[in-house]
Amino acid sequence: MANWYGSARSNYFRVKDSDAFLKWADSRGLGVFKNDESPDLFEIYGGESTGDGSWPSDDVEGEREVDLVDELAQHLPKGQIAVLMEIGAEKLRYLTGVAIAVNHKGRVVELTLSDIYRKASRIFRVAESEITQATY
């Protein structure tokens, strides 16, 4: 059995309170970069607490699920959009990718690599079941 390994990072975005944001990021095991040209812009990346490169989905003790996107939204000021991207693979068996955009109200737009099957089916007018999956 193979393990899934990935990478997760965001775009740069502004936050309402940098001290509160940094404390929250640390509590979730997130890495944080500050933009060299605009020190009020932050980027987060995953893998620090999960070990597999993914965004954390449990609290530090692994006892409680967390909604990382909802928690992040609380730190965003009006007009800021955080985009979280995560890609990974279990060898060549499963390739995964997701992009999630969130605003300060917690409104989310999401797409995954697997969305291509539905989109190709619709645009090329072929039954989705006729398109083989990129897995084995």
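Everything in the sequence shown is counted per the working numbering, starting at 729 for the first residue and increasing by one. In this text, a Cβ means the ideal position worked out from N, Cα and C, and glycines have one as well.
At which residues does the beta strand (DSSP E) containing residue 823 begin and terminate?
-> Start and end: 822-830.
Per-residue DSSP class, three states only, for residue 769 | DSSP places residue 769 in coil when its eight states are reduced to three.
Whether residue 848 touches residue 803 by CB criterion (9 Å) = Contact check for residue 848 against residue 803 fails: the beta carbons are separated by 9 Å or more.
Nearest to residue 745 by CA position, among 762, 733 and 805, is which residue?
-> Checked all of 762, 733 and 805; the closest Cα to residue 745 is 805.
If residue 809 sits next to residue 831, beta carbons under 8 Å apart, how far is it from one beta carbon to the other, in whole angstroms?
-> Here residue 809 really is in contact with residue 831; their C-beta atoms are around 6 Å apart, less than 8 Å.
Should the stretch 848-859 be called in touch with the stretch 817-830, which here means at least 3 C-beta pairs below 8 Å?
-> Contact between the stretch 848-859 and the stretch 817-830 is absent, with fewer than three C-beta pairs closer than 8 Å.
Look at the alpha carbon of residue 812 and the alpha carbon of residue 737, and state the distance between them as a whole number of angstroms.
-> The straight-line gap from Cα to Cα measures roughly 6 Å.
In this structure, does DSSP put residue 736 in helix, strand or coil?
-> DSSP places residue 736 within a strand segment (E or B) once states are collapsed to three.
With distances taken Cα to Cα, identify the nearest neighbour of residue 862 among 758, 819, 740 and 839.
-> Nearest option by C-alpha distance: 819.
Neighbour-count burial assignment, residue 836, 16 or more Cβ in a 10 Å radius | Classification for residue 836: exposed.
Quick one, which of 853, 733 and 842 has its alpha-carbon nearest residue 781's?
-> Looking at the Cα atoms, 733 is the closest of the given residues.
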